[in-house]
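Just so we're aligned, residue 437 is where the sequence shown starts under this note's numbering, counting upward by one.
Here is the structure we will look at.
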Amino acid sequence: MSGPESTAVAAQAPARTDKTAMAMLSSLFFAWGFLTCLNDILIPHLKNVLELNYAQAMLVQFAFFGSYFVFSLPSGRIIETIGYSRSMVAGLATMGCGASLFVPAASIASFPMFLTALIVLAAGMTLLQTLANPYVAVLGPVRTASSRLNLTQAFNSLGTTLAPIFGSILILGTAAEPLTHGMRQAMSSGQLHAYQIHEAASVKMPYIGLSLALFALAAVVARYKLPAIFHVEARIEIKDSVWRHKRPVAI
C-alpha cells in the first residue's frame with residue numbers, strides 16, 4: 437500500500453476504541469489460549485486410558501497444530517468473502533462443534549474420533565486467529581494499536597496459565613489410578629473397554645461446558661454486530677507489484 441493510501445486508512449480509523457468489541461475479542465484470545473493448553477492435560481490422560489504409545493499420544497498435538505497449516509489459507513478466503521464479524525461467528529461455532537465432538541468420542545473411547553474433534557476445534561481456532569490480530573489493530577486509533585494487541589495477548593496468556601489448573605482438577609482429578617501392564621493383562625477385553633469408557637468420560641463435562649460457552653459467545657457476537665471496519669474490509673485494487681521494486685527484492 438502506497439503512502440497516500442496508508443494515510444487514507446489512518447484517517448478513516450475509528451477515533452475511539454470500541455470497548456465492548458475489545459471485551460469480546462479479549463475473550464476470544466483467552467478461549468484459544470485455554471483450549472490450546474488443555475491439550476497438555478489431554479495427552480497424558482488419553483495415553484493412559486487408551487493405552488497409547490508416545491508416538492500415538494503426540495498425534496494430539498500433531499492433529500491440533502496441523503490444522504493451523506491446513507486451514508490457514510482457507511481462513512483468509514472466508515474472511516475476505518464474508519467479513520470479520522461473520523467469520524468470528526463461524527469460527528466460534530466451529531470451535532463449539534469441535535468441543536461437542538468430545539462427548540461421542542469419550543462415549544465410545546475412540547482415539548480417531550478424539551483426533552477428529554481436535555481437528556474441527558483447531559479449524560475454528562485458526563479462523564479466529566487469522567482475523568483477530570488485524571481486527572484488534574484497526575479497532576481504534578492507530579497510535580494505540582500496539583496497546584490493544586498487548587492487552588488481548590495478556591488474556592491469551594491468562595488462558596494458558598489457567599488451563600492446566602482447571603484441566604488437572606476437572607479431568608485428571610476425577611480419573612482413577614493408572615492401570616499397570618499386569619492389571620491390563622488380567623482384564624478381559626470387555627472389562628478393559630468398560631474401564632476405558634468410564635475413564636474417558638471425565639473429559640465430557642469440561643468440553644460440554646466449553647462447547648456451550650463457545651456457542652453462547654458466538655450468539656453474543658452475532659447479536660451485537662461488531663463494527664465493520666470498512667477501510668480494511670473494502671477491497672482495494674493494487675496494480676503494483678513488490679517484485680518491480682529492486683530494493684525490497686534485494687533485501
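Backbone N, C-alpha and C fix where the C-beta goes; we use that ideal spot for every residue, glycine too.
Computed from a predicted structure; not experimentally measured.
Give me the Cβ distance between residue i and residue j, rounded to the nearest whole Å; I'm assuming they're in contact under 8 Å.
i, j, result
"T588", "S462", "5 Å"
"A542", "A637", "5 Å"
"A459", "L575", "Actually they are not in contact, since the Cβ atoms of A459 and L575 sit about 11 Å apart, beyond 8 Å."
"G560", "M531", "4 Å"
"V506", "L554", "So it is not a contact: roughly 13 Å between Cβ atoms."
"T580", "T453", "7 Å"
"F466", "G603", "So it is not a contact: roughly 15 Å between Cβ atoms."
"A529", "F651", "7 Å"
As a quick exercise: from the options, pick the residue whose alpha carbon is nearest that of residue i.
i, options, result
"F498", "V485, G519 and N475", "N475"
"I644", "M494, R513, L557 and V496", "L557"
"G626", "A545, A553 and A654", "A545"
"S593", "R452, K455 and F470", "F470"
"I633", "N484, L585 and F602", "N484"
"G527", "C473, W468 and I479", "W468"
"L606", "P642, A493, F591 and E635", "P642"
"C473", "A599, E487 and V639", "A599"
"F500", "L551, P510 and A630", "L551"
CB-CB under 8 Å to residue i, same chain, minus the five flanking residues each way: which ones, in chain order?
i, result
"I748", "What is shown of the chain runs 437 to 687, which leaves residue 748 out entirely."
"S583", "none"
"M549", "L537, P540 and A541"
"L585", "N569, V572 and A573"
"H629", "A545"
Mapping the DSSP letters down to three states, classify residue i as helix, strand or coil.
i, result
"S536", "helix"
"A569", "Inspection of the sequence shows that residue 569 is occupied by Asn rather than by Ala. Helix at N569."
"V574", "coil"
"G512", "helix"
"T456", "helix"
"F489", "This sequence places Asn at residue 489; Phe is not what is there. In this structure, N489 counts as coil in the three-state DSSP scheme."
"K661", "coil"
"G595", "helix"
"M641", "helix"
"M549", "helix"
"S521", "helix"
"S462", "helix"
"G502", "helix"
"G609", "coil"
"S624", "coil"
"M494", "coil"
Near residue i, what residues of its chain come up, given a Cβ to Cβ distance below 6 Å and the 5 sequence neighbours on each side ignored?
i, result
"V525", "A654, V657 and A658"
"M623", "none"
"S521", "L662"
"I518", "none"
"S647", "G532, A535 and S536"
"A493", "I479 and K483"
"F547", "L486"
"K455", "none"
"M437", "Caution is warranted here: a pLDDT of 46 is assigned to M437, below 50, making its placement in the model unreliable, and no coordinate value can be reported."
"K640", "V539 and A542"
"Y631", "none"
Does the beta carbon of residue i come closer than 8 Å to any beta carbon on chain C?
i, result
"P540", "Reference to chain C is not applicable here, since this structure consists of a single protein chain."
Could you pull out every residue in the same chain whose Cβ sits closer than 7 Å to the Cβ of residue i, ignoring the five residues on either side in sequence?
i, result
"S503", "I555, A558, A559 and T562"
"L608", "I477 and H481"
"F591", "S462, F465 and F466"
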